[in-house]
Amino acid sequence: MPTNYSLEAYQQLRDSGLPPVRPAWGGFDATEAASLLELCIELNNQDDRNNPNLPDPNHQYQAKPAGWQLAYDSRQPGNTEWNRIWPWDGHGDNPNDIKTNGLKPLNNAWLLAQSTSDPGHVAIAIRGTVGERRSILADAYATTIPAYAGVEYPENKPLPIVFAATPDAEVHLGFGYAAFSLLFDPERGILTQLQQRLAQQAITKITVTGHSQGAAVATLIHAFLYYATNDERNPYQLAFTAKPALKSYLFAQPKPGNLQFSQDFARIAAETAYVINNDRDPVPQVPLSLETVSEVAEFVEEDNVSVGGPLDHVIDAVTSAKNAIRGSIAEVFTGHLADDFEETGIAASVERYFGDTAIELPDLKPKSLNYTLAGQLIPVFGLTKGGDCYTIGDRPDILLQHHATSYRKLIAMQLLGKRDDCAGGH
0 MPTNYSLEAY
10 QQLRDSGLPP
20 VRPAWGGFDA
30 TEAASLLELC
40 IELNNQDDRN
50 NPNLPDPNHQ
60 YQAKPAGWQL
70 AYDSRQPGNT
80 EWNRIWPWDG
90 HGDNPNDIKT
100 NGLKPLNNAW
110 LLAQSTSDPG
120 HVAIAIRGTV
130 GERRSILADA
140 YATTIPAYAG
150 VEYPENKPLP
160 IVFAATPDAE
170 VHLGFGYAAF
180 SLLFDPERGI
190 LTQLQQRLAQ
200 QAITKITVTG
210 HSQGAAVATL
220 IHAFLYYATN
230 DERNPYQLAF
240 TAKPALKSYL
250 FAQPKPGNLQ
260 FSQDFARIAA
270 ETAYVINNDR
280 DPVPQVPLSL
290 ETVSEVAEFV
300 EEDNVSVGGP
310 LDHVIDAVTS
320 AKNAIRGSIA
330 EVFTGHLADD
340 FEETGIAASV
350 ERYFGDTAIE
360 LPDLKPKSLN
370 YTLAGQLIPV
380 FGLTKGGDCY
390 TIGDRPDILL
400 QHHATSYRKL
410 IAMQLLGKRD
420 DCAGGH
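If you use numbering that gives the first Met the number 0, the sequence shown corresponds to residues 0 to 425, in order.
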């Protein structure tokens, strides 16, 4: 078990479950998936519900989270009601406005729900992209950072935050910093709220879910919680009476990291992380994957060390130039984000959990953009123009196949066999 921040110690945690066995709480459950998607609709469709100019005769934008009660809502702490429109006196940020009710600097939001049948089971739901500049920026920061110690705060101070332990594992920079914001916000962050919850009641199961950007960030949070809860040092002061079981349902997941991250996640989340993607949805196809010969041949070269022929030198030169450019881009983005975090108060959390650590962390540079899905794929198959299930209507809708409400219909029809749920088009 780890006694320091070495990558090798976390690799021991990655492999601690070998030989793999089916988790007692593992396995895909379509009913469970459908109920968790409703938590995503609560977060992602708030602006649709609150839009008086958007007719909703079938109440498709209303969340219907059967089996869950709302325990914490980062948009409006203290709220315990689904589909709530909150009173607002015009002062301060409007909790009903998705442009202002997220955590800074990337306008992320999340909620904690408790199972009504199993009080020890909680769900963490992450909001996806909303139509606001800061939220969109999290998608736009499409370069990578190391999955281990890739998050910096302040600038040029890497933090020993672990999303994966496999060498060369990298995650999308924007998604990585969104996870950092959600986890470490000193008041409304996931770690703070889990600590407060654990002081009142034991937690034995945690399900993480999200739609769209929220699915990618939820993937990283699942990975983070795996390493955090398996670390005997308990660096994040989570008073679990026993290691909680983790599971995730990830809807319309953009690719959260590179191939090595996906392999690491496959090891730590075997049969407990499910990606529900629509084959006609464009979002799971981004970020676009780019790969060079050097990335494919890296381990072949390492296993067949030679004096190096002319081709070796050409590949090495191209690789060095590519990595230098990519590293420079990541440094620029990281610098901007570190500045943006100054106003969040997150420095208090960094000091609390990491202090003035003298542990030397690796200065790793991102080396790949070979993004790929992470988790076990459960496909649904979209209908042309939405068929009679989620009909496109008379206006263009470039995200018709991506909407959480479209996923609701496809899951009901294809995974639960409820064909009647498509009656009425929308």
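Ideal Cβ positions, reconstructed from N, Cα and C, are used throughout, including at glycine.
Helix, strand or coil: how does DSSP classify residue i here?
i: H58; result: coil
i: D263; result: helix
i: F174; result: helix
i: T206; result: strand
i: A347; result: helix
i: N78; result: coil
i: T143; result: strand
i: I377; result: strand
i: S114; result: strand
i: P157; result: strand
i: D72; result: strand
Applying the 10 Å Cβ sphere with the 16-neighbour rule, what's the burial state of residue i?
i: R407; result: buried
i: G213; result: buried
i: Q413; result: buried
i: P86; result: exposed
i: E154; result: exposed
i: V89; result: Note that residue 89 is Gly in the sequence shown here, rather than Val. The residue is exposed, with fewer than 16 neighbouring Cβ atoms inside 10 Å.
i: D355; result: exposed
i: D117; result: exposed
i: G416; result: exposed
i: L376; result: exposed
i: A251; result: buried
i: S15; result: exposed
i: T115; result: exposed
i: I84; result: exposed
i: E186; result: exposed
Whole angstroms is fine: what's the gap from residue i's alpha carbon to residue j's?
i: D426; j: P234; result: Given a span of 0 to 425 for the chain in the structure shown, any question on residue 426 remains unanswerable.
i: N49; j: P243; result: 36 Å
i: G381; j: I202; result: 37 Å
i: R13; j: A164; result: 7 Å
i: I345; j: K63; result: 34 Å
i: Q192; j: L110; result: 10 Å
i: T383; j: N43; result: 24 Å
i: R266; j: A272; result: 11 Å
i: R74; j: P286; result: 28 Å
i: A32; j: Y147; result: 30 Å
i: K204; j: D393; result: 44 Å
i: M0; j: D230; result: Confidence at M0 is low in this model, with a pLDDT of 41, below 50, so the placement of that residue should be treated as unreliable; the coordinate-derived value is given next. Taking the straight line joining both Cα atoms gives about 7 Å.
i: V150; j: E169; result: 11 Å
i: L368; j: N57; result: 42 Å
i: V349; j: E341; result: 12 Å
i: N93; j: G101; result: 10 Å
i: F239; j: N78; result: 25 Å
i: Q195; j: A124; result: 18 Å
i: K366; j: G26; result: 34 Å
i: T343; j: Y226; result: 25 Å
i: T404; j: Q262; result: 30 Å
i: Y176; j: Y9; result: 21 Å
Would you mind giving the Cβ-Cβ distance between residue i and residue j, rounded to the nearest angstrom? I have them listed as a contact below 8 Å.
i: A385; j: L399; result: Going by the sequence as given, residue 385 is Gly instead of Ala. That belief holds up - the Cβ atoms of G385 and L399 are roughly 6 Å apart, short of 8 Å.
i: D387; j: C421; result: 6 Å
i: A112; j: L38; result: 6 Å
- Task: Could you tell me which uninterrupted beta strand (DSSP E) segments, each at least 3 residues in length, are contained entirely in the region 216-254, listed from first to last along the chain?
- Result: 244-250
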